[in-house]
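The sequence shown maps to residues 297 to 687 in the numbering used here.
Note that the Cβ used here is the ideal one computed from N, Cα and C, for glycine as well.
Read through the structure below, which is laid out as structure tokens, and then see the notes.
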Amino acid sequence: MRNLRHAFAPLALLLAVSTLGLTGCGGGKSIAQPKPLTDLPAPTYRMQVVWHSNGGKGQGKYEDGFVPAVSGNRVYTANRDGEVAAFNLANGRRLWHTRLDATLASGPTTVDDRLLVGTRDGQVIAVSADDGAKQWQTDLSSEVIAPPAGADGIAVARTVDGHVAAMDLASGKRLWTIEGTVPNLTMRGTSTPKIRNQTVYIGMDSGKMLALDLQTGEQKWSQTVALPDGRSELDRIVDVDAAPLLDGDTIFAASTGDVVAALSRNTGQIRWKHAIASGLNMALDNGQLYVTGLDGVVWGVSAANGEPAWKNDSFQYRKVSAPTVLDGNVLVGDYKGYLHWLSRDDGHEIARGRPFGQAIRAQPVVVDGNQAIVLGADGELARVRFVPNGQ
């Protein structure tokens, strides 16, 4: 389960609460033990490491906002110590490295010829994707713990206090800010904005999904994905922390309040809902939506109506990453550094590999359709693929 934050809680209490592996957001407060892995019966595929490199000191214990970014023939990484680096996609060789005078919390995001990162002190920083030279820094209202987004000359970031801010991509000048509020107790995570056709789509801690005009910040629509329900603040957590997943005229949203939903991109109207609690990004392929639950259960559900096709509960409480689609099947990582490659048809585990011995919390990034870039929590970086045994 992801970490919790409380608007009024002392730091010591926050850290104590965030280390508990809670059984869900429905009132169960017992510490959940990670499910042991079982041996795979005669796997026909194996994981192969194409290359391995080091991206620095990594994410930190409580930060999940660092993701590898791929653009052209380069892979970009960032870490909490302010390090941003570029690597050759083909061989993993480091091309450049820069150190910013900031404690980073998210990123990088590639937008045109820039990289965007967020900081613990509430800034968005842009650096050159070519050589890492710092271009601008803009102060926002609070931490930026989800990667910023950018399109059409504008960068957009969500802050932990519920604000959404837009900046000029060339200069960093603030263009507009939407001031939001957050409940007393929320998950430590925020939604990465998605931009399409001059509209910003973003999830909020209130359980809502918003559509905002990219140029002005004017609200186009607001839709409640999940409603608070329960007696305790813990029961009533409904954060929409997963990045909106856009497909044609549909948006898929996930809430920690036990809801995965499909909405109309134009109006926000709910098309279907299914009871899965998730705070992680989702993946979509060939009419099937893939979701990692807060409890580590991986689901395949119909994108058309939300009906489950399968679920795999073999990785419960193993702090499973967001899923991605690799060579037609589903790839997730876990807290021990294992990658699990699951069948798109029924969810069974086809193959397993361990590129390094550190947690894989970042969603793997697929390259060339059949290989993935994987980032470890301590900064290790690898390009992997799954090949038939005997190759």
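Does the Cβ of residue i have 16 or more other Cβ atoms within 10 Å, making it buried, or fewer, making it exposed?
| i | result |
| --- | --- |
| residue 321 | Here residue 321 scores only 40 on pLDDT, less than 50, and its place in the model should not be relied on; the value that follows carries that caveat. Buried is the call here. |
| residue 766 | Here the chain comprises residues numbered 297 to 687, so residue 766 is not present and cannot be evaluated. |
| residue 482 | buried |
| residue 379 | buried |
| residue 585 | buried |
| residue 486 | buried |
| residue 523 | exposed |
| residue 462 | buried |
| residue 593 | buried |
| residue 469 | exposed |
| residue 679 | buried |
| residue 527 | exposed |
| residue 439 | buried |
| residue 428 | buried |
| residue 323 | Note that residue 323 has pLDDT 41, beneath the 50 cutoff, so the model's placement of it is unreliable and the number below is only indicative. By the 10 Å Cβ count, residue 323 comes out exposed. |
| residue 659 | buried |
Taking 6 angstroms as the limit between beta carbons, can you name the residues of its chain near residue i, skipping five residues before and five after?
| i | result |
| --- | --- |
| residue 621 | 579, 581 |
| residue 315 | Model confidence at residue 315 stands at a pLDDT of 35, short of 50, so the residue's coordinates are unreliable; what they give is reported in the following sentence. Counting only Cβ-Cβ distances below 6 angstroms, and skipping sequence neighbours, we find nothing. |
| residue 619 | 579, 586, 588, 626, 628 |
| residue 311 | Note that residue 311 has pLDDT 32, beneath the 50 cutoff, so the model's placement of it is unreliable and the number below is only indicative. For residue 311, where only same-chain residues beyond five positions count, there are no Cβ hits under 6 angstroms. |
On the DSSP bridge list, what partners appear for residue i?
| i | result |
| --- | --- |
| residue 632 | Paired residue(s): none; residue 632 is not in a bridge. |
| residue 625 | 622 |
| residue 607 | 595 |
| residue 435 | 419 |
| residue 615 | Answer by DSSP bridge pairing: none, since residue 615 is not bridged. |
| residue 383 | 371, 390 |
| residue 350 | 676 |
Just to confirm, are residue i and residue j a CB contact at a threshold of 9 angstroms?
| i | j | result |
| --- | --- | --- |
| residue 465 | residue 407 | yes |
| residue 617 | residue 572 | no |
| residue 390 | residue 382 | yes |
| residue 363 | residue 443 | yes |
| residue 539 | residue 615 | no |
| residue 328 | residue 591 | yes |
Report all residues from its chain with a CB closer than 8 angstroms to the CB of residue i; omit the five preceding and five following residues, and keep chain order.
| i | result |
| --- | --- |
| residue 570 | 555, 556, 557, 597, 602, 603, 604 |
| residue 690 | Outside the shown range of the chain (297 to 687) lies residue 690, about which nothing can therefore be said. |
| residue 370 | 382, 383, 384, 385, 391, 425 |
For residue i, collect the residues of the same chain with a Cβ closer than 7 angstroms to its Cβ; drop the 5 residues on either side in sequence, then sort them by chain order.
| i | result |
| --- | --- |
| residue 684 | 340, 341 |
| residue 396 | 378, 380, 421, 430 |
| residue 667 | 346, 679, 680, 681 |
| residue 519 | 504, 505, 559, 564, 566 |
Taking 9 angstroms as the CB-CB cut-off, is residue i touching chain D?
| i | result |
| --- | --- |
| residue 605 | Going by chain labels, chain D is absent from the structure shown, which holds only one protein chain. |
Handout entry: Three-pair Cβ contact test at 8 angstroms for the region 608-618 versus the region 341-353
Key = Below 8 angstroms, too few C-beta pairs join the region 608-618 and the region 341-353 to call them touching: fewer than three.
Exercise for the section: Could you tell me whether the region 493-508 touches the region 405-419, where touching means 3 or more Cβ pairs closer than 8 angstroms? Expected result: Contact fails: fewer than three Cβ-Cβ distances are below 8 angstroms.
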